[in-house]
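Novice: Before I ask anything, here is the structure I am working with.
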Amino acid sequence: MTGKLDLDPVLVARARELARRAGRPVVELARGHTTVSVERAVLRLAGVVGADPDGIPWVNRLVEAVVADVGLGHGVALPVFDALVREQSADVTLLAQKAAAGSVRFQVPAGRAATAARRAARKAVAAGIRRIDRRRVERDRLVKRYGDPPRRPWIYLIVATGDIYEDIPQAQAAARAGADVIAVIRSTGQSLLDYVPEGATREGFAGTYATQENFRLMRAALDVSSKELGRYVRLTNYASGLCMPEMATLAGLERLDMMLNDSMYGILFRDINPVRTFVDQRFSRQVHARAGIIINTGEDNYLTTADAVDEAHTVTVSQLLNEYFAHEAGLADWQLGLGHAFEINPEVPESLRLELAHALLARELFPDAPLKWMPPTKHMTGDVFRGNLLDGFFNLVGALTGQGILLVGMMTEAVVTPWLSDRDIALQNVRYVLGAAGGLAEDFVPASGGFIQQRANRVLGEAVDLLERIGDQSLLTAIAEGTFGIMKRPADRGKGLDGVARHEAGYYNPATEILEQSRPEEVRR
Amino acid sequence: MTGGSVVRPYGDTTGDGMVQVSFTLPVPHDKRAEGAAVQLANKMGVDPALLVHAKPIGDGFTFFVVYGRVNHLVDLSAVRVVERDFPLLSAKEVNAVVKRRLRRKLSVVGACIGTDAHTVGIDAILNVKGIAGEKGLEYYRELSVTNLGAQVSVPELVEAARVARADAVLVSQVVTQRDAHLHNTREMSAAFREAMPAARRPLLIVGGPRFDESQAGELGVDRIFGRGTTPGEVASYLVHALITGRKAAVA
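Protein sequences, first through last, are from chains H and G.
Sequential numbering from 1 applies to the first sequence in the UniProt record's numbering.
Sequential numbering from 1 applies to the second sequence in the UniProt record's numbering.
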């Protein structure tokens, strides 16, 4: 396909090469470091469950105990399974409890003890990964049984009451009203918690805590809805913040279908340490790849802070970087829900044509990715009537440019958390536009050399320029100097830095070993 | 002034009193539901109520749109509003004023002090992510923000403020057991008073859901912000207290 934008294939290849060059040192950095959250994810795969009476998970207590004795740099797998072998026990959770009580001493095993610990660790973690594999097979079976949504884009809707038992009927009602994907927004501030809360939760700030039990409850409820509606309803949560690797793992274990997972969001918008983020990112993406989870990246966020016209190219740059990091971690194109958004000020002349140019550029650059199309938020004023019209245009651009996942815009954005009726009106808007113009992408061919083609090519050119500048320094320097958004985020600052360690000689992580040995395509067959 | 200060809503002719409302009732759509919607409208003072739209949504809910004449009057002379004592500025305006009048970055240091680990409040105000669609103070080009995070001791905070040459110190307190938020705030303001002469002392601001906004003097701080405060309000206040208001007072 030559495409609708007449993009220069040499320039597109150049953009990808520059993204690879910018991203490679970050991957090298990630390969040489570990974090407390990566190690906790390993322990979760190895079967450590539950929390102490204060609600602090046993994985946290166990990692703390290991770090206190031998540090983090060897990984926790060898010290933990060495202790388990010595204790002649098979119960890792029990070991965590003993360790928290101070009755276990950890050491880095050598020689035969190391071989035994390694074998035991690999066996336990492999069992956890097999559980993820089974959930993936189960998803494939359910999708085959109930079917995918009848058309693209998939309709993505958010619930966020703070109470999982209130979320469930709302999510089921949304599915019945046409939602194909349900996202449960997390409680404000969860991304900065360095542990994953336990159990079903009934209160949160502007969202519901992401916990394994909440994941399980919602997935089970949506399985009931899928059966009732005759289409598989997908579930989304967030692999972001300080516990990203654990979130990815829990999502795999509980058969979540999509996870928000951006390579730089935590650094830029949450001031999480860049090294911590990149290390956690890589592990979480490897888990997502294995679990058959579609990731959603967060480029829409740039446009809420920066001008959507002036900074359009930063979205393209971030998409290219996210694509590189995703492929490197083993994700396939069908798993890349690269993000972008309808955020141009509607007062700007030709704003709709600019939106079309940007959306089509993303479509043509990533033809096999299910792009995540995000609605207007920045220019929603509280005038719900105008907002509904703006959302209609957003839906139209989504249909015209063949977007993969459409997050339903609410005309009450920035006013209230959506009411039942707001959601109904918003879905009616989507249904009307997709019903009336769903096939219009076929007829929509921008004029050769016209406004839309010119604009798209210009944004691509600016993206290449920015990638050239990043290539001259390095991605970490670029982030430190405030290239993305306006935030300066040096590599030695930010939250979660104390949970990062450079690998010592003999570092062992059975999860990474298994995940890197077999790629998801091979798993499937 | 014509006809005094009493007004009523305007539809398409003066004095027609016409309003439009929409709402959802938790009942399935049928004749009785429509009657219920009219009854609610009547009780709201809309009479006659014209039910123009009724649509079932979800299970057992119906959405209504009602037009009608409202029989209430508004007496403009009896309207009482609490005025904010500073103008609300956009991020652009805040940046412009700081750049033009202060001619350097305005330095803000924020923290949760004491044992309080709830950074929700300080992060909502400071992080770029912000809250309710408004970006946090880090987003303002002309503000230099240092977010110390949680469980910061008062001496650490004073030292950080000195190092950053803070123009303002923002402290968030969520935990209120045994009035911890009040004790911590008094300790903090006393420490700043002791450590720095009045002229050098940064503006002290505390925020949290359980503060009484009128207690600033008693707690020794310059300003208290309560529940629902947005970054824009805080930024506007900073500009007012440190730049525009101060100049005006001198002049």
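Note that beta-carbon positions come from the ideal geometry of N, C-alpha and C, so glycine has one too.
Could you give the distance in angstroms between the alpha-carbon of Asp167/H and the alpha-carbon of Ser226/H?
Specialist: The alpha-carbon atoms of Asp167/H and Ser226/H are separated by roughly 16 angstroms.
Novice: So, Met264/H versus Ser318/H, is the Cβ gap smaller than 8 angstroms?
Specialist: For Met264/H and Ser318/H, yes; Cβs fall inside 8 angstroms.
Novice: So what does DSSP say about Phe444/H, is it helix, strand or coil?
Specialist: Three-state DSSP puts Phe444/H in coil, outside helix and strand.
Novice: Just mark His53/G as buried or exposed, buried being the case when its beta carbon has 16 or more other beta carbons within 10 Å.
Specialist: Under this definition His53/G is an exposed residue.
Novice: Taking CB distances under 8 angstroms as the criterion, tell me whether Lys123/H reaches chain G.
Specialist: Not one chain G Cβ lies under 8 angstroms of Lys123/H.
Novice: Return no unless some Cβ of chain C is closer than 8 angstroms to the Cβ of Thr24/G.
Specialist: As a matter of chain content, chain C is missing from the structure shown, whose protein chains are H and G.
Novice: Residues in its own chain within less than 8 angstroms of Asp163/H by CB, not counting five upstream and five downstream?
Specialist: Taken in chain order, the residues that qualify are Thr201, Arg202, Glu203, Gly204 and Thr208.
Novice: Could you pull out every residue in the same chain whose Cβ sits closer than 7 angstroms to the Cβ of Pro26/G, ignoring the five residues on either side in sequence?
Specialist: The answer, listed in chain order, is Gly60 and Phe61.
Novice: Since Ala46/H and Val125/H should fall inside the 8 angstroms C-beta cutoff, what is the C-beta to C-beta distance between them, to a whole number of angstroms?
Specialist: Their Cβ separation, rounded to whole angstroms, is 5 angstroms, which keeps Ala46/H and Val125/H in contact under 8 angstroms.
Novice: Taking any Cβ of chain H, which residues in the UniProt domain "B12-binding" (105-249) of chain G have a Cβ under 8 angstroms from it, in chain order?
Specialist: Answer in chain order: His118, Thr119, Val120, Asp123, Ala124, Asn127, Val128, Lys129, Ile131, Ala132, Gly133, Lys135, Glu138, Tyr139, Arg141, Asn147 and Gly149.
Novice: Is the beta carbon of Ala235/G sitting closer than 8 angstroms to the one on Leu76/G?
Specialist: Against a cut-off of 8 angstroms, the Cβ pair of Leu76/G and Ala235/G comes out as no contact.
Novice: Run through DSSP, which three-state label would Thr236/H get?
Specialist: DSSP places Thr236/H in strand when its eight states are reduced to three.
Novice: With C-beta atoms as the reference, is Leu352/H less than 8 angstroms away from Pro375/H?
Specialist: The answer is no: Cβ separation not under 8 angstroms.
Novice: Which whole-angstrom value describes the C-beta separation of Ala251/H and Ile294/H, a residue pair presumed to lie in contact below a C-beta threshold of 8 angstroms?
Specialist: Between Ile294/H and Ala251/H the Cβ distance is about 11 angstroms, and since that is not below 8 angstroms, they are no contact.
Novice: Looking at the strands, I want to know which residues DSSP matches up with Pro56/G.
Specialist: Pro56/G is bridged to Thr62/G.
Novice: For Thr34/H, does the three-state DSSP call read helix, strand or coil?
Specialist: If DSSP states are grouped into helix, strand and coil, Thr34/H belongs with the strands.
Novice: So what does DSSP say about Ser518/H, is it helix, strand or coil?
Specialist: In this structure, Ser518/H counts as coil in the three-state DSSP scheme.
Novice: Are any of the Cβ atoms in chain H nearer than 8 angstroms to that of Asp59/G?
Specialist: Closer than 8 angstroms: yes.
Novice: On the CB-based measure, 16 or more other CB atoms within 10 Å of its CB, does Arg136/H come out buried or exposed?
Specialist: Buried.
Novice: Could you check if Asn301/H is buried or exposed, using at least 16 other CB atoms within 10 Å of its CB as the buried criterion?
Specialist: Classification for Asn301/H: buried.
Novice: Would Gly404/H and Pro149/H be called neighbours here (beta carbons separated by less than 8 angstroms)?
Specialist: Their beta carbons are not under 8 angstroms apart, which means Gly404/H does not touch Pro149/H by this criterion.
Novice: Taking contact to mean at least 3 C-beta pairs separated by less than 8 angstroms, is the stretch 313-330 of chain H in contact with the stretch 417-428 of chain H?
Specialist: No contact exists between the stretch 313-330 of chain H and the stretch 417-428 of chain H.
Novice: If you draw a straight line from the alpha carbon of Arg290/H to that of Val42/H, how long is it in whole angstroms?
Specialist: Rounded to whole angstroms, Arg290/H to Val42/H spans 14 angstroms at the Cα level.
Novice: Determine, using beta carbons only, whether Val206/G and Ile224/G come nearer to each other than 8 angstroms.
Specialist: Yes, they are a contact pair.
Novice: Return the first residue and the last residue of the alpha helix (DSSP H) that Phe451/H is part of.
Specialist: Its alpha helix (DSSP H) spans residues Phe451 to Asp472.
Novice: Using 8 angstroms as the limit for Cβ to Cβ distance, is Gln269/H near chain G?
Specialist: The amino acid occupying residue 269/H in the given sequence is Phe; Gln does not appear at that position. Closer than 8 angstroms to some Cβ of chain G, the Cβ of Phe269/H qualifies, so yes.
Novice: Which value, in whole angstroms, describes the spacing of the CA atoms of Ala456/H and Leu396/H?
Specialist: Between Ala456/H and Leu396/H, the C-alpha separation is close to 18 angstroms.
Novice: Name the two residues that bound the continuous alpha helix (DSSP H) containing Phe225/G.
Specialist: Not the alpha helix (DSSP H): Phe225/G falls in the beta strand (DSSP E), residues Arg223 to Phe225.
Novice: Tell whether a beta-carbon distance below 8 angstroms holds between Val109/G and Ala190/G.
Specialist: Cβ distance not < 8 angstroms, so Val109/G and Ala190/G don't count as in contact.
Novice: Pull out every residue of the stretch 164-180 of chain H whose Cβ sits closer than 8 angstroms to any Cβ of chain G, in chain order.
Specialist: Listed by position along the chain: Ala173, Arg176 and Ala177.
Novice: Determine which residues share a DSSP beta bridge with Asp75/G and list them.
Specialist: The partner list for Asp75/G (beta bridge, DSSP) reads Val6/G.
Novice: Taking only runs of the alpha helix (DSSP H) that begin and end inside the stretch 220-283 of chain H, which ones reach a length of at least 4 residues, in chain order?
Specialist: Counting whole runs of 4 or more residues, the stretch 220-283 of chain H contains the alpha helix (DSSP H) stretches 244-253 and 265-270.
Novice: Mark residue 331/G as exposed unless 16 or more other C-beta atoms lie within 10 angstroms of its C-beta, in which case mark it buried.
Specialist: Outside the shown range of chain G (1 to 251) lies residue 331/G, about which nothing can therefore be said.
Novice: What first and last residue would you give for the alpha helix (DSSP H) that runs through Asn60/H?
Specialist: Unbroken alpha helix (DSSP H) run through Asn60/H: Trp58 to Val70.
Novice: If the cut-off is 8 angstroms on Cβ atoms, which residues from the stretch 41-69 of chain G count as contacting chain H, listed in chain order?
Specialist: Within the stretch 41-69 of chain G, the residues whose Cβ lies closer than 8 angstroms to some Cβ of chain H are Lys55, Ile57, Gly58, Asp59, Phe61 and Phe63, listed in chain order.
Novice: Taking 7 angstroms as the cut-off, is the C-beta of Arg193/G nearer than that to any heavy atom in the ligand GTP?
Specialist: The model on display carries no ligand, and the ligand GTP is accordingly not part of it.
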